[in-house]
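Data block below; observations after.
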Amino acid sequence: MDQVISQDKAIMGASAGARLDRLPIGAFHRRVMLLIGIGMFFDGFDIYIAATVLGATIRSGFATLPQAALFVSATFVGMMLGSVVTGFLGDRFGRRFTYQANLAIFGLASLAAAFAPGMGVLIALRFVMGFGLGAENVVGYSTLTEFIPPAARGRWLGMMAVIVVTGLPVSALLGYALVPHFGWRIMFILGGIGALFVWQARKALPESPRWLQTVGRDAEAEALLGRIEAEASNGAPLPPPAPGIAVPLQPFSALFAPPLLARLVLGCIALIVINTLIYGFITWLPTFMVKQGLSVAQSFGYAVLMALGAPIGSAIGAFGADRWGRKPCIVVASALAIVFGAIYPFVRDPAFLPVIGFALTIPIYILVAMLFAIYIPELFPTEIRLRAAGICNMFGRGATIITPFMVIRLFADYGVKGVLAMMIGLLLALIVAVLVLGVETRQRRLEAIA
Numbered sequence: 019m020d021q022v023i024s025q026d027k028a029i030m031g032a033s034a035g036a037r038l039d040r041l042p043i044g045a046f047h048r049r050v051m052l053l054i055g056i057g058m059f060f061d062g063f064d065i066y067i068a069a070t071v072l073g074a075t076i077r078s079g080f081a082t083l084p085q086a087a088l089f090v091s092a093t094f095v096g097m098m099l100g101s102v103v104t105g106f107l108g109d110r111f112g113r114r115f116t117y118q119a120n121l122a123i124f125g126l127a128s129l130a131a132a133f134a135p136g137m138g139v140l141i142a143l144r145f146v147m148g149f150g151l152g153a154e155n156v157v158g159y160s161t162l163t164e165f166i167p168p169a170a171r172g173r174w175l176g177m178m179a180v181i182v183v184t185g186l187p188v189s190a191l192l193g194y195a196l197v198p199h200f201g202w203r204i205m206f207i208l209g210g211i212g213a214l215f216v217w218q219a220r221k222a223l224p225e226s227p228r229w230l231q232t233v234g235r236d237a238e239a240e241a242l243l244g245r246i247e248a249e250a251s252n253g254a255p256l257p258p259p260a261p262g263i264a265v266p267l268q269p270f271s272a273l274f275a276p277p278l279l280a281r282l283v284l285g286c287i288a289l290i291v292i293n294t295l296i297y298g299f300i301t302w303l304p305t306f307m308v309k310q311g312l313s314v315a316q317s318f319g320y321a322v323l324m325a326l327g328a329p330i331g332s333a334i335g336a337f338g339a340d341r342w343g344r345k346p347c348i349v350v351a352s353a354l355a356i357v358f359g360a361i362y363p364f365v366r367d368p369a370f371l372p373v374i375g376f377a378l379t380i381p382i383y384i385l386v387a388m389l390f391a392i393y394i395p396e397l398f399p400t401e402i403r404l405r406a407a408g409i410c411n412m413f414g415r416g417a418t419i420i421t422p423f424m425v426i427r428l429f430a431d432y433g434v435k436g437v438l439a440m441m442i443g444l445l446l447a448l449i450v451a452v453l454v455l456g457v458e459t460r461q462r463r464l465e466a467i468a
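FYI, in our numbering the residues of the sequence shown are 19 to 468.
Shown next as structure tokens:
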């Protein structure tokens, strides 16, 4: 009896991380994944509806081309600010507060956008939506990181990326099916209603016990861990917690000194590169294809086909992260993207453009899973994780503001070759940064990485 009591005391004295990391994957983890994932899906959906909405507003005379450009810029400025602000709020007030607040922001703004009387109002509301969208990307991945055991963390976070990028083909198909009959406003209605539905469902999502312990709310962390363990055990004994790791709490200033500074620089470089790849190549594919001899209809059809490479690539990243490691997957995917990127400008037969484009899309979205979802959230201690991820995302989103101007200039001067040369240069920089500054996080506890 005394031995059982002693074991119980030892478990209660163990860190939240050690107790969460010993749990078998089960219904609790699936529920957390579902509740975070659905919100992240609508985040992806709302980001990707821009192309459909802008095309319809311009055709109807609701918007001009300069106004459409402002709409896009407002989205990314909002996302940039949302990323960094949510980092500070999430580390100060908790993950639960932050993911509920950002869902409410972009859900309500999306519904309001459906009733915008003019393009000026729509642009302002898109900025607000962008703020919420940028926040969701930071808090969603980081929160799931803190719940999943090390052996499965890469796979589960990668599958979250699959859910997010599925918003790309879904938004394209729904836009194709609904906008001609119901107008562009229907897309904002769908996104807003979906986000608010998830906001209600997410009330059942718990706070992160890891975060609770870092802010001294030990009693709340203990009560929550007890409930999680009771559900996870299903009446069977659980493995003992892993040995404790003494990790001093890090102040925000630690991000700007070794060893975390190197990780922060790597995170900023990585997200600048992947955002530029997405918004400097993937979103411009229809334009490139038209310039290479395809009709507008063919170009959009092929772009939708190639968009299917997004979930495939993210799924490969999800299953490769825990098998081969984060750094090898990032380096190999970058190398493959360089190879196919070098081939793409020299394709003369339009029939082969979607084939090479599809092959190029897959490694790019392997990188989306590896960088956005898996690697960056793992690199930093719990107490400053969201602020670090927010800063990295701020730089990444900032790159999307200037990328269109760079693409236009390079395309005008050098054609597709100029754009792809920029992409290849960025990928080479990513490979060097990962090899020099990166740490391998595969199968490692978050406290050990910190």
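We put the CB at the ideal spot given by N, CA and C, even for glycine.
A distance below 8 Å between beta-carbons, with the five flanking residues on each side excluded, links E247 to the following residues of its chain, in chain order: R37, L41 and L256. If you draw a 10 Å sphere on the C-beta of A369, you find fewer than 16 other C-beta atoms in it, and that means exposed. Under a 10 Å Cβ-count criterion, N252 is classified as exposed, with fewer than 16 other Cβ atoms of the shown protein chains found around its own Cβ. About 4 Å separates the Cβ atoms of A134 and L140, confirming a contact at the 8 Å cut-off. Counting along the chain, the unbroken alpha helix (DSSP H) around R281 starts and ends at L278 to G298.
From the listed residues M97, D236, F106 and G112, the smallest Cα separation to I123 is found for M97. Per the coordinates, the alpha-carbon of I384 lies some 34 Å from the alpha-carbon of Q85.
Contact between R405 and F270 holds: their C-beta atoms lie close to 6 Å from each other, under 8 Å. Excluding its 5 nearest sequence neighbours in each direction, Y297 has C-beta neighbours in its own chain below 6 Å: T418 and T421, listed in chain order. With distances taken between CA atoms, T104 lies nearest to F115 out of R203, V95 and F115.
When the Cα atoms are used, A280 and A288 turn out to be separated by approximately 12 Å.
DSSP places S352 inside the alpha helix (DSSP H), whose first and last residues are R344 to I361. In the three-state scheme derived from DSSP, where H, G and I count as helix and E and B as strand, E238 is classed as helix. By a beta-carbon distance limit of 8 Å, F94 does not contact R427. Their separation comes to about 18 Å.
Going by beta carbons, G158 and Y117 fall inside the 8 Å limit.
In the three-state DSSP reduction, L267 falls in the coil class, being neither helix nor strand.
Non-local beta-carbon contacts of F337 in its own chain, meaning distances under 8 Å to residues more than five positions away in sequence, involve R173 and G176 in chain order. An exposed status is given to G138, since fewer than 16 other beta-carbon atoms sit within 10 Å of its beta-carbon.
Leaving aside the five residues that flank G210 on each side, the residues in its chain whose CB is nearer than 6 Å to its CB run, in chain order, G125, S128 and L129. For S128, the enclosing alpha helix (DSSP H) covers residues R113 to A131. When rounded, the separation of the alpha-carbon atoms in E154 and M51 is 14 Å. Inter-residue distance for S78 and A195 is about 17 Å (C-alpha atoms, whole angstroms).
Of the other Cβ atoms in all chains shown, 16 or more fall within 10 Å of the Cβ of D39; this residue is therefore buried.
Straight across, the Cα-Cα distance linking E240 with A264 is about 19 Å. Per the Cβ contact rule, the stretch 448 to 465 is not in contact with the stretch 357 to 367 (fewer than 3 Cβ pairs under 8 Å).
Residue state for G193 is assigned as helix, using DSSP reduced to three classes. When C-beta atoms of the stretch 339 to 346 are compared with those of the stretch 382 to 396, three or more pairs fall below 8 Å, so the two segments count as touching.
Here H199 is exposed: its Cβ has fewer than 16 other Cβ atoms, across all protein chains shown, within 10 Å. Secondary structure of A248 (DSSP, three-state): helix. Per DSSP, reduced to three states, the secondary structure at V182 is helical. Relative to the Cα of V233, the nearest Cα in the group Q461, P399 and V450 belongs to P399. Per DSSP, Y383 is one residue of the alpha helix (DSSP H) stretching across L371 to V386. Around the CB of D236, fewer than 16 other CB atoms lie within 10 Å, so the residue is classed as exposed. Under the 10 Å beta carbon count, G150 is surrounded by 16 or more other beta carbons and is classified as buried. Rounded to the nearest angstrom, the Cβ distance from M324 to V182 is 17 Å, too far for a contact under 8 Å.
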